[in-house]
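Since the structure comes first, as structure tokens, the remarks are kept for the end.
Numbering (our numbering), first residue to last: 30 to 705.
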């Protein structure tokens, strides 16, 4: 439990730094934010100095070429993300770098810790082994690994060498993995033999031959025996991960200084339509964005123990590992957050948090909604006295989830625990909207626009692709100034066409410059907070009134009978619009007239009569991506007549089995429609 002598918030330390070194003083956060998006060169250079980043070579400016896309940052500077993380081995010997557990370990009340010196030693040893295999700067090294320390070690080793990292979660099918990895032509694949989720062991060895055969650029396969500690890597034509780590004939390799924009990793769009876009980020931009978001906005400190539940297939895995950059201990859990299908247990992560003495706990918004509906009482499963902050992302956090968190988690310094909701994305591996411990916290709102992020809600573009910034009105989320962690490029997109089409087609600035359109509906509130209303490309435009789907979800998912929901609004030429609402109900319940009537009344009351769905249907499951996002747009396209194989990449889904019902429903509906 925090005390009145709690440490000074990190944002206050940064503000004092600006006063003492720049003579800058800001009365309000809004003033600091305005300076940070206006004086980009001064702001990002101040972060470099505040975080005491090290460059092996001199440089003069932060922002060399102020344009978007194509801004050039810190030209001449050299650094390495792995070096920034591992330098904490020099001072952090009294704290672990990584704390971790699995389903089986947690059931026995067990944790394992890895110290900073041990982490640095293992990263150096694995980097030496990779170099001995011929890995050079720029080579792609890919992983098919779960959320365990060895994955973080492998990533840091790859980064140390200047090779390019990319990872898929082992719960992804072969086609989803190949759709990603084939595009980037990897030289080395690091994999486990299998994993455990919800008490079920999944053997991945049968897939490894297919992956190897379908990746012609692959020169080495490295196997970590995980599911079966006795698994024979050689029998699978692989090198043993542990044997490489234990080689005594190689001297550990220290991180190599690299140009600021040297490629660090490749992450991917969701892959729900077409091939996933391989997004390339650079070392320097990711270091700065991670430290800004983690330290200044999330208020992470070296003494914190930080957990954000994620699989390796979600950008939040990258963000959790990036907490090492500030010297923070990261707490990894590999397994199901909700127990098994036979024995649901939404107290799992809270037991882990108690055992690991987690001080900063993060998860997707859907996790908190599941805990609420399962009536989880976190403080009854373990001692959560170390907890001082809770984070949420992935989708808007419902008002009921705010209340559940405040009622179920311990107070901090006599006040309800701080909830830091963030919204950003894989696209730039950061947040546009976030929290701040020094600002008021209002239920349903993210507290602020992030420093350095010139984020606005824009109205519809005019004939010149110009948009107008809106105040307290829902509009398109845009960013009008560059950020260092924006993509360097898409892999395999030499002329930048796909990159431009993805973010810069809709809006232009007054001089024709690019404006980043993110694809979310946003409202900036009069208090300076922000509310996300769902994806703009899946928006409801019912009878001329535009509304994000999140508003309707809040109205129906407050019902204890409703576990999940999805709504799409279909507009036809020559026909009336059609807006179905799909619901997943608690096991054993059936959608009857009484519940349908109550749901419609709730929607009418919360929204308007214009937003009543054309039809409410019960389904077994809502299609979701591997990162848990509702697949609104693919369902919308399917119902508008697109072929299923063009809108659903089943290997890139968390629950592909539910797609058949939607396909059958779409076919039945099309056959029943009268001709236009």
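Built from N, CA and C at the ideal position, the CB exists for glycine as well.
Quick caveat: nothing in here was measured; it's all calculated off a predicted structure.
So what does DSSP say about residue 691, is it helix, strand or coil? Reading the chain shown from its first residue, position 662 is the one you call residue 691. Helix, per DSSP.
Whole beta strand (DSSP E) elements within the region 351 to 423, 3-residue minimum: 358 to 363, 389 to 393, 418 to 422
Could you please give the first and the last residue of the uninterrupted alpha helix (DSSP H) stretch that includes residue 40? Residue mapping note: residue 40 aligns to position 11 of the chain shown, counting from 1. That run of the alpha helix (DSSP H) goes 39 to 51.
In terms of residues, what are the limits of the beta strand (DSSP E) holding residue 551? The count along the chain shown starts at 1 and reaches residue 551 at position 522. Note, residue 551: beta strand (DSSP E), 545 to 553.
Apart from the five residues just before and just after residue 464, which ones in its own chain have a Cβ nearer than 8 Å to its Cβ? Here the question's residue 464 lines up with position 435 in the chain shown. Excluding sequence neighbours, residue 464 sits near 326, 327, 420, 447, 448, 449, 450, 451, 470, 475, 476, 477.
Kindly give me the distance between the Cβ atoms of residue 417 and residue 441, rounded to whole angstroms, as I take these residues to be in contact under 8 Å. Here residue 417 refers to the residue found at position 388 of the chain shown. Here residue 441 refers to the residue found at position 412 of the chain shown. At roughly 5 Å, the Cβ-Cβ gap stays under 8 Å, so residue 417 and residue 441 are in contact.
Cβ-Cβ separation, residue 254 to residue 262 (assumed contact under 8 Å), whole Å: Here residue 262 is taken as the residue at index 233 of the chain shown, counted from 1. Here residue 254 is taken as the residue at index 225 of the chain shown, counted from 1. Yes, they are in contact, since the Cβ atoms of residue 262 and residue 254 sit about 7 Å apart, within 8 Å.
Per DSSP, cross-strand counterpart(s) of residue 508: Numbered from 1 along the chain shown, position 479 holds the residue referred to as residue 508. Answer is 484, 545, bridged to residue 508.
Am I right that residue 308 and residue 316 are in contact with their C-beta atoms under 8 Å? What's the rounded C-beta distance? Stepping through the chain shown from its first residue, residue 308 is reached at position 279. Stepping through the chain shown from its first residue, residue 316 is reached at position 287. The Cβ separation is near 17 Å, so there is no contact.
Do you know how far the Cα of residue 193 is from the Cα of residue 158? By 1-based counting over the chain shown, the position of residue 158 is 129. By 1-based counting over the chain shown, the position of residue 193 is 164. Taking the straight line joining both Cα atoms gives about 16 Å.
Under 7 Å, do residue 208 and residue 366 count as touching if we go by C-beta distance? As a first step, residue 208 must be located in the chain shown, where it is residue number 179. As a first step, residue 366 must be located in the chain shown, where it is residue number 337. It is not a contact, given that the beta carbons lie outside the stated cut-off.
Going along the chain, which residues of its own chain have a beta-carbon closer than 8 Å to the beta-carbon of residue 649, five neighbours each way excluded? For the purposes of this step, residue 649 is identified with residue 620 of the chain shown, where counting begins at 1. Counting only Cβ-Cβ distances below 8 Å, and skipping sequence neighbours, we find 613, 687, 690.
Residue interval of the beta strand (DSSP E) (run including residue 151): Here residue 151 refers to the residue found at position 122 when the chain shown is read from its first residue. Careful: residue 151 lies outside any beta strand (DSSP E), inside the alpha helix (DSSP H) at 145 to 161.
Pick helix, strand or coil for residue 559, following the three-state DSSP scheme. Counting from 1 along the chain shown, the entry for residue 559 is found at position 530. Strand at residue 559.
Residue environment, residue 139, which counts as buried when at least 16 other CB atoms sit within 10 Å: As a working note, residue 139 is residue 110 in the chain shown. Classification for residue 139: exposed.
If you check the beta carbons only, do residue 70 and residue 54 fall under 7 Å apart? Residue numbering aside, residue 70 sits at position 41 when the chain shown is read from its first letter. Residue numbering aside, residue 54 sits at position 25 when the chain shown is read from its first letter. Not a contact, by the Cβ cut-off of 7 Å.
Assigned secondary structure, residue 626 (DSSP; H/G/I helix, E/B strand, else coil): Along the chain shown, read from residue 1 onward, the residue named residue 626 stands at position 597. Helix at residue 626.
Is it the case that the Cβ atoms of residue 79 and residue 103 are separated by a distance below 7 Å? On the chain shown, position 50 is the one that residue 79 refers to. On the chain shown, position 74 is the one that residue 103 refers to. No; because the gap between Cβ atoms is not below 7 Å, this pair is not in contact.
Look up residue 197 in the DSSP assignment and say whether it is helix, strand or coil. For the purposes of this step, residue 197 is taken as residue 168 along the chain shown, with counting starting at 1. Strand at residue 197.
Are the Cβ atoms of residue 129 and residue 354 separated by less than 7 Å? Residue mapping note: residue 129 aligns to position 100 of the chain shown, counting from 1. Residue mapping note: residue 354 aligns to position 325 of the chain shown, counting from 1. Not closer than 7 Å, so no.
Who does residue 269 pair with in a DSSP beta bridge? Against the chain shown, residue 269 aligns to sequence position 240. DSSP lists 252 as partners of residue 269.
Under 7 Å, do residue 593 and residue 651 count as touching if we go by C-beta distance? Taking the first residue of the chain shown as 1, we reach residue 593 at position 564. Taking the first residue of the chain shown as 1, we reach residue 651 at position 622. Yes; because the gap between Cβ atoms is below 7 Å, this pair is in contact.
Buried versus exposed call for residue 707 [16 or more other C-beta atoms within 10 Å across all chains shown]: Absent from the structure is residue 707, since the part of the chain shown begins at 30 and ends at 705.
Which of the three DSSP states, helix, strand or coil, is assigned to residue 594? One-based indexing of the chain shown puts residue 594 at position 565. Looking at residue 594 - three-state DSSP - the assignment turns out to be strand.
If you reduce the DSSP assignment to three classes, tell me which class residue 79 lands in. Numbered from its first residue, the chain shown carries residue 79 at position 50. Three-state DSSP puts residue 79 in a helix.
Pop quiz: residue 545 and residue 97 are said to be a contact at Cβ under 8 Å. What is the actual Cβ separation, rounded to whole angstroms? To locate residue 545, count along the chain shown from 1; it is residue 516. To locate residue 97, count along the chain shown from 1; it is residue 68. Their Cβ separation, rounded to whole angstroms, is 7 Å, which keeps residue 545 and residue 97 in contact under 8 Å.
Is it true that the CB of residue 392 sits closer than 7 Å to the CB of residue 657? Locating residue 657 in the chain shown gives position 628, where the first residue counts as 1. Locating residue 392 in the chain shown gives position 363, where the first residue counts as 1. Result no, Cβ atoms of residue 657 and residue 392 do not sit closer than 7 Å.
Cβ atoms of residue 56 and residue 557: under 7 Å apart, would you say? What you label residue 557 is simply residue 528 of the chain shown in a count that begins at 1. What you label residue 56 is simply residue 27 of the chain shown in a count that begins at 1. It is not a contact, given that the beta carbons lie outside the stated cut-off.
Sort out for me which residues DSSP pairs residue 217 with in a bridge. For the purposes of this step, residue 217 is taken as the residue at position 188 of the chain shown. Note: residue 217 sits in a beta bridge opposite 170, 249.
Do the CB positions of residue 203 and residue 239 come within less than 7 Å of each other? As a working note, residue 203 is residue 174 in the chain shown. As a working note, residue 239 is residue 210 in the chain shown. For residue 203 and residue 239, yes; Cβs fall inside 7 Å.
How many angstroms separate the CA atom of residue 483 from the CA atom of residue 508? Sequence index remark: in the chain shown, residue 483 carries index 454 (1-based). Sequence index remark: in the chain shown, residue 508 carries index 479 (1-based). For residue 483 and residue 508, the distance between alpha carbons rounds to 5 Å.
Could you compute how far the alpha carbon of residue 633 sits from the alpha carbon of residue 341? Walking along the chain shown from the start, residue 633 turns up at place 604. Walking along the chain shown from the start, residue 341 turns up at place 312. Using only the alpha carbons, I get a separation of about 40 Å.
Spatial distance of residue 434 from residue 407 (CA atoms): The sequence position of residue 434 within the chain shown is 405, counting from 1. The sequence position of residue 407 within the chain shown is 378, counting from 1. If you take the alpha carbons of residue 434 and residue 407, they lie about 9 Å apart.
Buried versus exposed call for residue 424 [16 or more other C-beta atoms within 10 Å across all chains shown]: Position 395 of the chain shown holds residue 424. Residue 424 should be labelled buried.
Best match in 232, 495, 667, 330 for proximity to residue 35 [C-alpha to C-alpha]: One-based indexing of the chain shown puts residue 35 at position 6. Comparing Cα-Cα distances from residue 35 to each of 232, 495, 667, 330, the minimum goes to 330.
Note the first and the last residue of the continuous alpha helix (DSSP H) segment covering residue 124. For the purposes of this step, residue 124 is taken as residue 95 along the chain shown, with counting starting at 1. Here residue 124 belongs to no alpha helix (DSSP H), and DSSP marks it neither H nor E.
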